[in-house]
Ligand SMILES: Cc1cc2nc3c(=O)[nH]c(=O)nc-3n(C[C@H](O)[C@H](O)[C@H](O)COP(=O)(O)OP(=O)(O)OC[C@H]3O[C@@H](n4cnc5c(N)ncnc54)[C@H](O)[C@@H]3O)c2cc1C
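Residue numbers (my numbering): 2 to 395.
Take a look at the structure:
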């Protein structure tokens, strides 16, 4: 990597990763660890400052699509080993994920997913309503038919994971620059030649787009279509729970999710973290908190976990889901612009896939066959009329 003038930004790099969230830092780590020289990661704000720091931190292998199951399981293994590689404490809790099922259709679909998960080495299982209420006593067992559970799922700190990958990448020789905005990508004859930034030009033959909700714009600079739109999502953090509610939501409760409404809650220190999708939300970068979801949220709590209505709210935040037309990620290399690789559009489950995506993009960059076949996740699938079906999306 050659040095530029006064700004300190390298004048050239072998590969430029755009975006310093969990995906970009994981990619930079896996590339540098594999011995790739000249890895440069550019982040316009601070590391994890995009969607990653807004995530609920949920990690799981309970999906219905085999690729998502494989990516989730590989990543779970990496999270479990994170204090050794890359070497960072990430506050991993594994009390499981518990999906509450209210209709026969849901039970049937989750049973089919569990059969597939079991065949791939994920020890998920069906629980009775009574067993589910044994794990999260706030559930009214009369209100559900059954629940799907995987004890190895859980949650951990998105900021720590990102910092861990960034530190590991630096240790292996990667350069990470924050506060640098990419403003364009230069191509010639269908090949990447450079990246323009607000701090000068970097010559490079490879760009990897890990720009989260901003990825559509980044891809357009390279003449590539990646249909990713931002969608506001909100999270509430409760006040510390009083003793009576501690019994309803014990410290070891699983991440508990109502499959029908997507209302979810897990313990966050002395309180709870809660969220839900809101059907009335329109795409766009909207960073202000909105009360529009309140009626839907209250209805879902009433139906599913009524004790949540007694919890006091201490604070809240807003983040962006990076949504694709079929709510599944875009992963691959452009078929039109050589050496433009991308990993984006995770539609709300990108944190948990971060470790496996770093491995996959490393292998694609190095012209190796990735252990997980992500070819169905190509960004070209929509133009070809293909969509992926994933049922377990929150
Ligand atoms: C409320 C909420 C809850 C969530 N809960 C979960 C969960 O429990 N589990 C889970 O797996 N996922 C969850 N997610 C989704 C998860 O946060 C994302 O899928 C994941 O963080 C995506 O990571 P990323 O690195 O692709 O994107 P980001 O973290 O957004 O990183 C992209 C980065 O690119 C940078 N960037 C963009 N354009 C440029 C440019 N031109 N130049 C330089 N830098 C640029 C941005 O500043 C940003 O930091 C949640 C998301 C939200 C909003």
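Glycine included, C-beta positions come from ideal geometry on N, C-alpha and C.
All values reported here derive from a predicted model rather than from experimental measurement.
Secondary structure, alpha helix (DSSP H): runs of 4+ residues fully inside the stretch 97 to 184: Those alpha helix (DSSP H) runs which fall completely within the stretch 97 to 184 and span 4+ residues are 105 to 120, 130 to 136, 159 to 172.
For residue 392 and residue 163, what's the separation of their Cα atoms in angstroms? For this step, residue 392 is matched to residue 391 along the chain shown. For this step, residue 163 is matched to residue 162 along the chain shown. Residue 163 has its alpha-carbon roughly 27 Å from the corresponding atom of residue 392.
Within the same chain, show all residues whose beta-carbon is closer than 7 Å to that of residue 373, passing over the 5 residues directly before and after it, in chain order. Along the chain shown, read from residue 1 onward, the residue named residue 373 stands at position 372. Result list for residue 373: 68, 71, 72, 75, 357, 361, in chain order.
Grab me the residues of residue 302's own chain with a C-beta within less than 7 Å of its C-beta, minus the 5 sequence neighbours each way, in chain order. The count along the chain shown starts at 1 and reaches residue 302 at position 301. Within the same chain, 264, 309, 310 come within 7 Å of residue 302 by CB-CB distance, once the 5 residues on both sides are set aside.
Would you decide whether residue 243 is buried or exposed? Buried here means 16 or more other CB atoms lie within 10 Å of its CB. Position 242 of the chain shown, counted from the start, is the residue given in the question as residue 243. It counts as exposed.
Flag residue 376 as yes when its Cβ comes closer than 8 Å to any non-hydrogen atom of ligand 1, and as no otherwise. One-based indexing of the chain shown puts residue 376 at position 375. Residue 376: no, Cβ never under 8 Å from ligand 1.
Would you say the beta carbon of residue 354 is closer than 8 Å to some non-hydrogen atom of ligand 1? Counted from its first residue, the chain shown places residue 354 at position 353. Yes - ligand 1 has a heavy atom lying nearer than 8 Å to the Cβ of residue 354.
Between which two residues does the alpha helix (DSSP H) containing residue 295 stretch? For this step, residue 295 is matched to residue 294 along the chain shown. Boundaries of the alpha helix (DSSP H) around residue 295: 295 to 305.
Under 9 Å, do residue 326 and residue 251 count as touching if we go by C-beta distance? Stepping through the chain shown from its first residue, residue 326 is reached at position 325. Stepping through the chain shown from its first residue, residue 251 is reached at position 250. Contact: no.
Nearest residue (CA-CA) to residue 349, options 316, 51, 17: Counting from 1 along the chain shown, the entry for residue 349 is found at position 348. Considering only alpha carbons, the answer is 51.
With DSSP as the reference, please indicate the residues paired to residue 59 in a beta bridge. As a position in the chain shown, residue 59 is number 58, starting the count at 1. By DSSP's assignment, residue 59 forms a beta bridge with 156.
Please report how far the alpha carbon of residue 210 lies from the alpha carbon of residue 279, in whole angstroms. Within the chain shown, numbered from 1, the residue matching residue 210 stands at position 209. Within the chain shown, numbered from 1, the residue matching residue 279 stands at position 278. Residue 279 has its alpha-carbon roughly 28 Å from the corresponding atom of residue 210.
Which of the three DSSP states is assigned to residue 70 in this structure? Within the chain shown, residue 70 is the residue found at index 69, counting from 1. The three-state reading of DSSP puts residue 70 in helix, counting H, G and I together.
Check: residue 321 C-beta below 8 Å from any heavy atom of ligand 1: The residue you call residue 321 lines up with position 320 of the chain shown. Flag set: Cβ of residue 321 near ligand 1.
Endpoints, the alpha helix (DSSP H) within which residue 23 is located: Counted from its first residue, the chain shown places residue 23 at position 22. Boundaries of the alpha helix (DSSP H) around residue 23: 23 to 34.
Tell me whether residue 259 is buried or exposed, calling it buried when 16 or more other Cβ atoms sit within 10 Å of its Cβ. Reading the chain shown from its first residue, position 258 is the one you call residue 259. Buried, since its Cβ has 16 or more Cβ neighbours within 10 Å.
In terms of DSSP beta bridges, what is residue 14 paired with? Residue mapping note: residue 14 aligns to position 13 of the chain shown, counting from 1. Paired residues: none, contrary to the question.
For residue 314, count the other beta carbons within 10 Å of its own beta carbon; 16 or more makes it buried, fewer makes it exposed. Which is it? Position 313 of the chain shown holds residue 314. Burial call: exposed.
For residue 246 and residue 282, what's the separation of their Cα atoms in angstroms? One-based indexing of the chain shown puts residue 246 at position 245. One-based indexing of the chain shown puts residue 282 at position 281. CA-to-CA, the gap between residue 246 and residue 282 works out to about 31 Å.
Counting C-beta neighbours from all protein chains within 10 Å, is the total for residue 294 16 or more, i.e. buried, or is it exposed? For the purposes of this step, residue 294 is taken as residue 293 along the chain shown, with counting starting at 1. Counting the other Cβ atoms within 10 Å of the Cβ of residue 294 gives 16 or more, which makes it buried.
Cβ contact (3+ pairs, closer than 8 Å) linking the stretch 168 to 176 and the stretch 27 to 37: With a cut-off of 8 Å, the stretch 27 to 37 and the stretch 168 to 176 count as touching, because enough Cβ pairs lie within range.
Ignore the nearest five residues each way along the sequence and tell me which others in residue 184's own chain have a CB closer than 8 Å to its CB. Reading the chain shown from its first residue, position 183 is the one you call residue 184. For residue 184, same chain residues with a beta-carbon under 8 Å away, outside a window of 5 residues either side, are 197, 198, 199 in chain order.
Do we get a CB-CB distance below 9 Å when we pair residue 91 with the residues of chain B? The chain inventory of the structure shown lacks chain B, comprising one protein chain alone.
Just how far apart, CA to CA, sit residue 288 and residue 233? What you label residue 288 is simply residue 287 of the chain shown in a count that begins at 1. What you label residue 233 is simply residue 232 of the chain shown in a count that begins at 1. Each residue's alpha carbon lies about 7 Å from the other.
Can you grab the Cα-Cα spacing for the pair residue 227 / residue 135, in whole Å? Along the chain shown, read from residue 1 onward, the residue named residue 227 stands at position 226. Along the chain shown, read from residue 1 onward, the residue named residue 135 stands at position 134. One C-alpha to the other measures close to 44 Å.
Could you tell me if residue 335 is buried or exposed, where buried requires 16 or more neighbouring beta carbons within 10 angstroms of its beta carbon? For the purposes of this step, residue 335 is taken as the residue at position 334 of the chain shown. Taking all protein chains in view, the Cβ of residue 335 is crowded by 16 or more other Cβ atoms within 10 Å, so the residue is classified as buried.
Tell me whether residue 24, by its Cβ, gets closer than 8 Å to a heavy atom of ligand 1. Position 23 of the chain shown, counted from the first residue, corresponds to residue 24. Annotation for residue 24 indicates a beta carbon within 8 Å of some heavy atom of ligand 1.
Hey, could you find the ends of the alpha helix (DSSP H) residue 361 is sitting in? In the chain shown, residue 361 corresponds to position 360, counting from 1. Its alpha helix (DSSP H) spans residues 355 to 366.
Just tell me which of 324, 34, 102, 339 has its CA closest to the CA of residue 215. The residue labelled residue 215 in the question sits at position 214 within the chain shown. The shortest C-alpha separation from residue 215 is found at 324.
Buried or exposed: where does residue 368 fall if 16 or more other Cβ atoms within 10 Å of its Cβ makes it buried? Here the question's residue 368 lines up with position 367 in the chain shown. Counting other Cβ atoms within 10 Å of its Cβ, residue 368 stays below 16 and is therefore classed as exposed.
Would you check if the distance between the CB atom of residue 257 and the CB atom of residue 99 is smaller than 9 Å? In the chain shown, the residue the question calls residue 257 occupies position 256. In the chain shown, the residue the question calls residue 99 occupies position 98. In contact: residue 257 and residue 99 (Cβ atoms closer than 9 Å).
Rounding to the nearest angstrom, what Cα-Cα distance links residue 4 and residue 205 in this structure? Here residue 4 is taken as the residue at index 3 of the chain shown, counted from 1. Here residue 205 is taken as the residue at index 204 of the chain shown, counted from 1. Confidence at residue 4 is low in this model, with a pLDDT of 49, below 50, so the placement of that residue should be treated as unreliable; the coordinate-derived value is given next. The C-alpha of residue 205 is placed about 13 Å away from the C-alpha of residue 4.
When burial is assigned at 16 or more other CB atoms within 10 Å of the CB, is residue 338 buried or exposed? Position 337 of the chain shown, counted from the start, is the residue given in the question as residue 338. Looking at its Cβ environment, which holds 16 or more other Cβ atoms inside 10 Å, residue 338 is buried.
Tell me where the beta strand (DSSP E) around residue 274 begins and ends. The residue given as residue 274 occupies position 273 in the chain shown. Unbroken beta strand (DSSP E) run through residue 274: 272 to 276.
I need the straight-line Cα distance from residue 395 to residue 36, nearest angstrom please. Stepping through the chain shown from its first residue, residue 395 is reached at position 394. Stepping through the chain shown from its first residue, residue 36 is reached at position 35. Whole-angstrom Cα-Cα distance: 37 Å.
Close-in-space but distant-in-sequence residues of the same chain around residue 7 (CB under 8 Å, 5 per side omitted): Numbered from its first residue, the chain shown carries residue 7 at position 6. Any reading at residue 7 must be qualified, since the residue scores a pLDDT of 46, below 50, and its modelled position is unreliable; the value itself is stated next. Result list for residue 7: empty, nothing under 8 Å.
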